[in-house]
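The structure appears below as structure tokens.
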Amino acid sequence: MIQMEKSATAALLETAEKSVLFTARRPSIVMERGEGMHIWDTDGKRYLDFVGGWAVTSLGHSPAVLQEALSRQASTLVHASPGYYNKPMIEFAELLTSVSGMDKVFFASSGAEANESAIKLARKHGAVNLNGANEIITLKNSFHGRSLAMMSATGKEQWKELFAPKVEGFKHVPINDLDACFAAVTNQTCAIMVELVQGEGGVHAVDEAYLYGLRKMCDMYGMLLIFDEVQTGMGRTGKLFAYEHYGIMPDVITLGKGIGGGFPLSAMLTKSKYDLFEPGDQGGTYTGAPLAMAAGYAVLRELLEQNLAGNAKTQGQYLTDSLRKLSCEIPISNIRGKGLLLAFDVPDGTAAELAAICLQDGLLINALNPSTIRLVPPLIVSQKDIDQMLSILFRAFGQLQAV
Ligand code: PLP
Numbered sequence: 519m520i521q522m523e524k525s526a527t528a529a530l531l532e533t534a535e536k537s538v539l540f541t542a543r544r545p546s547i548v549m550e551r552g553e554g555m556h557i558w559d560t561d562g563k564r565y566l567d568f569v570g571g572w573a574v575t576s577l578g579h580s581p582a583v584l585q586e587a588l589s590r591q592a593s594t595l596v597h598a599s600p601g602y603y604n605k606p607m608i609e610f611a612e613l614l615t616s617v618s619g620m621d622k623v624f625f626a627s628s629g630a631e632a633n634e635s636a637i638k639l640a641r642k643h644g645a646v647n648l649n650g651a652n653e654i655i656t657l658k659n660s661f662h663g664r665s666l667a668m669m670s671a672t673g674k675e676q677w678k679e680l681f682a683p684k685v686e687g688f689k690h691v692p693i694n695d696l697d698a699c700f701a702a703v704t705n706q707t708c709a710i711m712v713e714l715v716q717g718e719g720g721v722h723a724v725d726e727a728y729l730y731g732l733r734k735m736c737d738m739y740g741m742l743l744i745f746d747e748v749q750t751g752m753g754r755t756g757k758l759f760a761y762e763h764y765g766i767m768p769d770v771i772t773l774g775k776g777i778g779g780g781f782p783l784s785a786m787l788t789k790s791k792y793d794l795f796e797p798g799d800q801g802g803t804y805t806g807a808p809l810a811m812a813a814g815y816a817v818l819r820e821l822l823e824q825n826l827a828g829n830a831k832t833q834g835q836y837l838t839d840s841l842r843k844l845s846c847e848i849p850i851s852n853i854r855g856k857g858l859l860l861a862f863d864v865p866d867g868t869a870a871e872l873a874a875i876c877l878q879d880g881l882l883i884n885a886l887n888p889s890t891i892r893l894v895p896p897l898i899v900s901q902k903d904i905d906q907m908l909s910i911l912f913r914a915f916g917q918l919q920a921v
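For the sequence shown, the residue numbers in my numbering are 519 to 921.
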């Protein structure tokens with residue numbers, strides 16, 4: 519028999535299997551290039567992207583402003599050392615604080631690191647102002663990252679025993695239950711940390727009255743209120759920051775994902791009165807590195823100039839309305855979320871199969887759990903893209919075995 523030559527993609531997949539540490543089940547494709555709402559694999563197949571790199575590629579794939587900012591900065595200064603200020607760091611810090619209602623910012627590279635910073639700041643606040651209080655209250659079903667401390671902060675049931683022993687000092691309470699939170703507060707509590715819409719936990723928003731109650735509780739006991747806006751921030755929910763929907767200011771905000779438009783970047787912001795770290799308390803080799811700062815500055819300028827939070831609101835509404843109409847014809851329910859952080863339920867056990875069928879048909883969607891699909895497209899998405907996505911989704915239900 520004549521031996522068929524292996525395709526370039528098959529060879530790449532074989533090498534991947536040999537050399538990339540297994541941490542996730544990935545489909546047998548290799549992504550190669552992206553532009554706007556689309557990403558192409560090494561076989562030249564095009565996908566319409568409603569995963570957005572997991573709520574990261576806010577300006578779409580490889581946007582011109584990011585290309586330009588990165589290449590300009592790369593030819594000027596890539597890295598300066600965290601021991602010195604650099605110009606892009608100062609410019610981005612000024613812009614980010616001016617739009618966020620916060621005074622000071624610490625930069626890092628991932629959402630987990632930004633949250634670690636927030637927890638360190640809360641414990642510093644506890645040490646300095648609250649007689650050594652060091653406990654933090656977070657929510658059940660929350661997600662705050664994968665470092666050991668953030669796995670302890672996270673309220674995922676499946677993570678309770680994983681990588682024990684856990685980092686101590688975290689209590690988990692149910693979402694939107696003020697009494698439960700009140701009951702968990704002791705003289706050891708220094709902060710409450712919440713996502714305003716739980717992204718990984720199924721796209722569930724906190725109620726306005728609940729958030730107001732948390733604010734009051736923190737004011738009453740001098741605890742910090744921390745909003746983890748790693749997923750909800752930077753325009754994702756139809757406002758630049760999700761806290762604007764509620765009109766309630768936190769003491770600390772953390773940002774990640776969309777802030778770098780795909781370049782690894784995150785931030786922890788706070789008020790001047792919590793500017794409490796002393797030299798040696800907090801830092802990191804890549805904090806405020808010029809290349810990341812240039813990326814963040816370019817992404818934020820573009821978000822503001824193009825009013826992409828406004829587009830997230832308009833298109834999010836259109837997508838929600840269209841899904842509601844479609845729910846008369848296909849078995850989707852509980853359509854929820856804010857702006858372009860949306861989810862809906864499908865018959866239990868079908869989400870992964872549905873996502874796989876869509877992938878075959880050139881659409882990327884995220885099966886968040888066996889019964890939930892999450893949609894987090896780039897904030898540049900248009901009505902035409904949404905219509906195309908919906909027609910692929912509709913077709914996919916026709917092919918679903920389990921329904
Ligand atoms: N916080 C929230 C709300 C998130 O959704 C995530 C990631 O999904 C993180 C923190 C962790 O971010 P990273 O994966 O960049 O560390």
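Each residue gets a CB set at the ideal place from its N, CA and C atoms; glycine is no exception.
Contact between the segment 613–620 and the segment 647–658 is not established, with fewer than three Cβ pairs separated by less than 8 Å.
One Cα belongs to V724, the other to V569, and the distance between them is close to 23 Å. Looking at the DSSP output, F781 sits in a beta bridge with G779. Under a 10 Å Cβ-count criterion, E653 is classified as buried, with 16 or more other Cβ atoms of the shown protein chains found around its own Cβ. In the DSSP annotation of this structure, the continuous segment of the alpha helix (DSSP H) that includes Y739 starts and ends at E726 to Y739. Within 10 angstroms of the beta-carbon of S599 lie fewer than 16 other beta-carbons, which makes it exposed. Checking the 7 Å criterion, the Cβ of D746 is within range of a heavy atom belonging to the ligand PLP.
Of all C-beta pairs linking the segment 850–864 to the segment 682–697, fewer than three are shorter than 8 Å, placing the two stretches out of contact. Counting C-beta atoms within 10 angstroms of its own C-beta, P768 has 16 or more neighbours from the protein chains shown and is therefore classed as buried.
Rounded to whole angstroms, the separation of the alpha carbons of L877 and L531 is 17 Å. By the Cβ test, the segment 863–871 is in contact with the segment 881–890, since at least three Cβ pairs between them sit closer than 8 Å. Judged by their CB atoms, I744 and A636 are nearer to each other than the 8 Å cut-off. The C-beta distance from L821 to M752 rounds to 6 Å, short enough to meet the 8 Å contact threshold.
The beta carbon of G774 is closer than 7 Å to those of S628, G629, A632, V748 and S784 in its chain, skipping five residues each way along the sequence. Residue burial is scored here from C-beta neighbours: H579 has at least 16 other C-beta atoms within 10 angstroms and is therefore classed as buried. Cβ contact annotation for S618 (same chain, cutoff 6 Å, sequence separation greater than five): L787, in chain order. For the segment 630–712, the continuous beta strand (DSSP E) assignments of 3+ residues that do not extend past its boundaries occur at 653–657, 688–691 and 707–712, in sequence order. Residue state for D903 is assigned as helix, using DSSP reduced to three classes. With a cut-off of 7 Å, the C-beta of S670 is classified as distant from the ligand PLP, since no heavy atom of the ligand falls inside that distance. Under the three-state reduction of DSSP output, A723 falls in the strand class. Its Cα nearest to that of A885, the residue G717 stands out among G717, K902, K843 and F759. Set against 7 Å, the gap from the CB of E718 to the closest heavy atom of the ligand PLP is smaller. For R842, the enclosing alpha helix (DSSP H) begins and ends at L826 to L844. Scanning the segment 752–777 for uninterrupted alpha helix (DSSP H) segments of 4 residues or longer gives 761–764, listed from N- to C-terminal end. The alpha-carbon of K563 is positioned some 21 Å away from that of F912. Following the DSSP letters along the chain, one finds L743 inside the beta strand (DSSP E) bounded by residues L742 to D746. Per the C-alpha coordinates, the member of R641, H690 and E679 positioned closest to L657 is H690. If you draw a 10 Å sphere on the C-beta of V712, you find 16 or more other C-beta atoms in it, and that means buried. With a cut-off of 7 Å, the C-beta of N829 is classified as distant from the ligand PLP, since no heavy atom of the ligand falls inside that distance. Distance from the Cα of N829 is smallest, within the candidate group Y739, G756, S909 and R733, for G756.
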